[in-house]
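Visitor: So my numbering is basically just the index in the sequence shown, starting at one, shifted up by 8.
Idealized CB from N, CA, C, for every residue including glycine.
Everything numeric in this text was worked out from a predicted model, so none of it was measured.
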Amino acid sequence: MAHYRRVGEVPPKRHTQFRDAGGQLRREELMGEEGFSSDSSLLYHRGIPSAMVDARIWELPDLGTTPNHPLMPRHLKLHDLFASGEGIDGQGIDGGGIDAVIGRRLVLGNGDVRISYVVAAEPSPLYRNAIGDECVFVEAGSGTVQTVFGELPVQAGDFVVIPRATVHRWVPDGPLRAYIVEANSHIGPPRKYLSRFGQLLEHSPYCERDLHGPATPLLMDGPDVPVYVKHRGNGPSGIVGSIVVGPHHPFDVVGWDGCLYPYTFNVRDFEPITGRVHQPPPVHQVFEGTNFVICAFVPRKVDYHPLAIPVPYYHSNVDSDEIMFYVAGDYEARKGSGIGPGSVSVHPGGHSHGPQRGAVEASLGKDSFDELAVMVDTFRPLELGEGGRAVDDGAYAWSWSGRGPG
């Protein structure tokens, strides 16, 4: 983020002495991307941010993946992951006993990005993802994300972007459904929307006013505070976990300023780009990371050429896997396939896909679509995680032909 913010107390000059009323020196910490070569913020701590008194292993949930082989499109019914009283350790759909960090179940993943899902109602432990940024889409529910930068209220429809290594925790108001995109890189606005100095341009479908960062510092006390850390290692997935215990609470930042911080963006503030004929998926792009993009399909007016076909044309994914999470509404192109809210469609690279049978004719004359979906396109093939394997309907691949093998 190149949008500068200043929160709390900071000295007039960086890298200079900054003391409290009793003369105690504040500890300055630079949190920066790409070493010292990209966006950063300076945080001023009451304690020493690197201090620790203990460390132990965090046994991560199953992060193994299985190739999509033989190659086929799939329908994953995410709402079934936490349905009928069955979830993590038998906990159920209301999220009881489940938090938004440890309770995540891996749906899809590759070396660039992992997609997970959770229904959570309990506060999470303090958490730091030291591998990459996270972009969490809140499907339903509300709550607060407490961070070392301050608090972020979150609600249904929010994208919550959390920079790599930000200590934070999720505190739901009640059951909260979250669709989580974890990167091995940074996540930010598409470069095509930005000026050479980093301002969002006039043709961008959102602007800086739509981005909401922490407004005040969040100060907490407490001795021997554990932080769950996901980091790089030699595990089967290349990801391991540690629990690092500090002598004081990490939420001890009295002020910070800079261009790197967590923020929210609500999908209702996305202004769709439309045209006389069907517009391709890049017009729906919201964020990008290394080797993937995130798009939002929102309620909108559609194509107004008199002979327009509003639903997508058939297309081959030559360079990418297309992953669509259906959030709400009536998705015209998928009618008759069994897909609905809570579904994920997997359209892999190397396979041609498009509207279901009859959807083209049914769409003619439509002037608007009432649909909400979040799409992740990856430029390396995705594999199925344990969560994805558990809720594959096993039938979607045959929905265009009307019959399966044999």
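(1) Please report the Cβ distance between Val175 and Leu134, rounded to the nearest whole angstrom; I am assuming they are in contact, meaning their Cβ atoms lie under 8 Å.
(2) Starting from Pro136, trace the beta strand (DSSP E) both ways and give me its first and last residue.
(3) Taking the beta strand (DSSP E) that Glu394 belongs to, which residues open and close that run?
(4) Give the DSSP-derived three-state secondary structure of Pro69 in the structure shown.
(5) Between the Cα of Ile65 and those of Pro197, Gln293, Gly249, spot the shortest distance and give me the residue it belongs to.
(6) With contact counted as at least three CB pairs below 8 Å, one residue from each stretch, are the region 264-275 and the region 38-51 in contact?
(7) With a cut-off of 8 Å, do at least 3 Cβ pairs link the region 147-159 to the region 178-192?
(8) Answer yes or no: does any C-beta atom of chain D fall closer than 8 Å to that of Pro225?
(9) Is any heavy atom in the ligand HEM found nearer than 7 Å to the beta carbon of Val326?
(10) What's the C-alpha gap between Glu190 and His220?
(11) By the three-class DSSP mapping on this structure, what secondary structure does His361 have?
(12) What are the residues that DSSP puts in a beta bridge with Leu38?
(13) In or out: Thr74 buried (at least 16 other Cβ within 10 Å) or exposed?
(14) Please go through the same chain and pick out, in chain order, the residues whose beta-carbon is closer than 6 Å to the beta-carbon of Val252, but skip the five residues on each side of it.
(15) When DSSP labels each residue in this structure, what does Ser351 get in the three-state scheme?
(16) Using the three-state DSSP reduction, which class does Arg204 fall into: helix, strand or coil?
(17) Is Pro75 helix, strand or coil when you go by DSSP?
(18) What does DSSP give as the partner residues of Gly196 in its beta bridges?
(19) Entirely within the region 118-196 and at least 3 residues each: give me those beta strand (DSSP E) ranges in chain order.
(20) Enumerate in chain order the residues of its own chain whose CB-to-CB distance from Lys343 is below 8 Å, with the five nearest sequence positions on each side excluded.
(21) Check this for me: beta carbons of Asp141 and Leu114, under 8 Å apart or not?
(22) Going by C-alpha to C-alpha distance, which of Pro389, Trp406, Ile195 sits closest to Asn325?
(23) Closer than 6 Å by C-beta to Tyr339: which residues in its own chain qualify, once you throw out the five before and the five after it? Chain order, please.
(24) Have a look at Ala164, Gly395, Ile188, Lys200 and flag the residue whose alpha-carbon is nearest the alpha-carbon of Val294.
(25) Which residue from Lys85, Ser150, His83, Leu79 puts its Cα closest to that of Ala108?
(26) Within the same chain, show all residues whose beta-carbon is closer than 8 Å to that of Gly402, passing over the 5 residues directly before and after it, in chain order.
(27) With respect to the alpha helix (DSSP H) encompassing Ser409, which residues constitute its N-terminal and C-terminal limits?
(28) For a quick check, are the C-beta atoms of Pro356 and Leu79 less than 8 Å apart?
(29) Nearest CA to the CA of His211: which residue from Leu227, Phe205, Pro280, Arg308?
(30) Do you know whose CA, among His323, Gly111, Ser48, lies nearest Glu67's CA?
(31) Return the chain-ordered list of same chain residues with a C-beta closer than 6 Å to the C-beta of Arg172, the five sequence neighbours on each side being excluded.
(32) Give me the residue from Ala336, Val384, Val354 with the minimum Cα distance to Ala164.
(33) To the nearest whole angstrom, what separates the beta carbons of Ile247 and His286, a pair I think is in contact under 8 Å?
(34) Pick helix, strand or coil for Val285, following the three-state DSSP scheme.
(35) In chain order, what residues of the same chain have a beta carbon less than 7 Å from the beta carbon of Ile96, not counting five sequence neighbours either side?
(36) For Arg14, name the three-state secondary structure that DSSP assigns.
Guide: The relevant details are as follows:
(1) Locating residue 175 in the sequence shown gives position 167, counting from the first residue. Locating residue 134 in the sequence shown gives position 126, counting from the first residue. Contact flag correct, Cβ pair sits at about 6 Å.
(2) One-based indexing of the sequence shown puts residue 136 at position 128. Sequence inspection shows Arg at residue 136; the Pro mentioned does not correspond to that position. Run containing Arg136: 135-137, per the beta strand (DSSP E) assignment.
(3) Looking up residue 394 in the sequence shown gives position 386. Glu394 -> not in any beta strand (DSSP E); alpha helix (DSSP H) instead, spanning 394-398.
(4) Position 61 of the sequence shown, counted from the first residue, corresponds to residue 69. Note: Pro69 maps to coil in three-state DSSP.
(5) Numbered from its first residue, the sequence shown carries residue 65 at position 57. Out of Pro197, Gln293, Gly249, Gly249 has the C-alpha closest to the C-alpha of Ile65.
(6) yes
(7) yes
(8) Here there is only one protein chain, and chain D is not present.
(9) With respect to small molecules bound, the structure shown includes none, and the ligand HEM cannot be examined in it.
(10) What you label residue 190 is simply residue 182 of the sequence shown in a count that begins at 1. What you label residue 220 is simply residue 212 of the sequence shown in a count that begins at 1. Approximately 20 Å, taken between the alpha carbons.
(11) Start at 1 with the first residue of the sequence shown, and residue 361 comes out as number 353. Note: His361 maps to strand in three-state DSSP.
(12) Position 30 of the sequence shown, counting from 1, holds the residue named residue 38. Answer is Leu50.
(13) Counting from 1 along the sequence shown, the entry for residue 74 is found at position 66. With fewer than 16 other Cβ atoms within 10 Å, it is exposed.
(14) Here residue 252 corresponds to residue number 244 of the sequence shown, with the count starting at 1. Excluding positions up to five away in sequence, the list reads Met60, Ala63, Val235, Val237.
(15) As a first step, residue 351 is located in the sequence shown; it is residue number 343 there, counting from the start. If DSSP states are grouped into helix, strand and coil, Ser351 belongs with the strands.
(16) Reading the sequence shown from its first residue, position 196 is the one you call residue 204. Note: Arg204 maps to coil in three-state DSSP.
(17) Position 67 of the sequence shown, counting from 1, holds the residue named residue 75. In the structure shown, Pro75 sits in coil (DSSP, three-state: anything other than H, G, I, E or B).
(18) What you label residue 196 is simply residue 188 of the sequence shown in a count that begins at 1. The partner list for Gly196 (beta bridge, DSSP) reads Glu296.
(19) 121-128, 135-137, 142-148, 151-155, 158-162, 166-170, 176-180, 184-191
(20) Looking up residue 343 in the sequence shown gives position 335. If we look at Lys343 and ignore the five residues flanking it on each side, its Cβ neighbours are Gln364, Gly366, Ala367, Ala370.
(21) For the purposes of this step, residue 141 is taken as residue 133 along the sequence shown, with counting starting at 1. For the purposes of this step, residue 114 is taken as residue 106 along the sequence shown, with counting starting at 1. No. Outside cutoff.
(22) To locate residue 325, count along the sequence shown from 1; it is residue 317. Checked all of Pro389, Trp406, Ile195; the closest Cα to Asn325 is Pro389.
(23) Residue 339 sits at position 331 when you count from the first residue of the sequence shown. Glu379.
(24) Looking up residue 294 in the sequence shown gives position 286. Measuring from the Cα of Val294, the nearest candidate turns out to be Lys200.
(25) Taking the first residue of the sequence shown as 1, we reach residue 108 at position 100. Checked all of Lys85, Ser150, His83, Leu79; the closest Cα to Ala108 is Ser150.
(26) Position 394 of the sequence shown holds residue 402. Answer for Gly402: no residue qualifies.
(27) For this step, residue 409 is matched to residue 401 along the sequence shown. Premise fails: Ser409 is in no alpha helix (DSSP H) and is neither H nor E.
(28) In the sequence shown, counting from the first residue as 1, residue 356 sits at position 348. In the sequence shown, counting from the first residue as 1, residue 79 sits at position 71. Yes, the pair counts as a contact, with Cβ atoms nearer than the cut-off.
(29) Mapped onto the sequence shown, residue 211 falls at position 203. When only C-alpha atoms are compared, the closest one is Pro280.
(30) In the sequence shown, the residue the question calls residue 67 occupies position 59. For Glu67, the nearest C-alpha among the options comes from Gly111.
(31) Position 164 of the sequence shown, counted from the start, is the residue given in the question as residue 172. For Arg172, where only same-chain residues beyond five positions count, the Cβ hits under 6 Å are Gly140, Asp141.
(32) Position 156 of the sequence shown, counted from the first residue, corresponds to residue 164. For the residues Ala336, Val384, Val354, the minimum Cα distance to Ala164 belongs to Ala336.
(33) Your numbering for residue 247 matches position 239 in the sequence shown. Your numbering for residue 286 matches position 278 in the sequence shown. Rounded, the Cβ-Cβ distance is 39 Å, inconsistent with contact.
(34) The residue given as residue 285 occupies position 277 in the sequence shown. If DSSP states are grouped into helix, strand and coil, Val285 belongs with coil.
(35) As a first step, residue 96 is located in the sequence shown; it is residue number 88 there, counting from the start. Because the pLDDT of Ile96 is 38, which lies under 50, any placement of that residue in the model is unreliable, and the number read from its coordinates should be weighed accordingly. So the qualifying residues of the chain are Ile106, Gly111.
(36) For the purposes of this step, residue 14 is taken as residue 6 along the sequence shown, with counting starting at 1. Arg14: strand per DSSP, three-state reduction.
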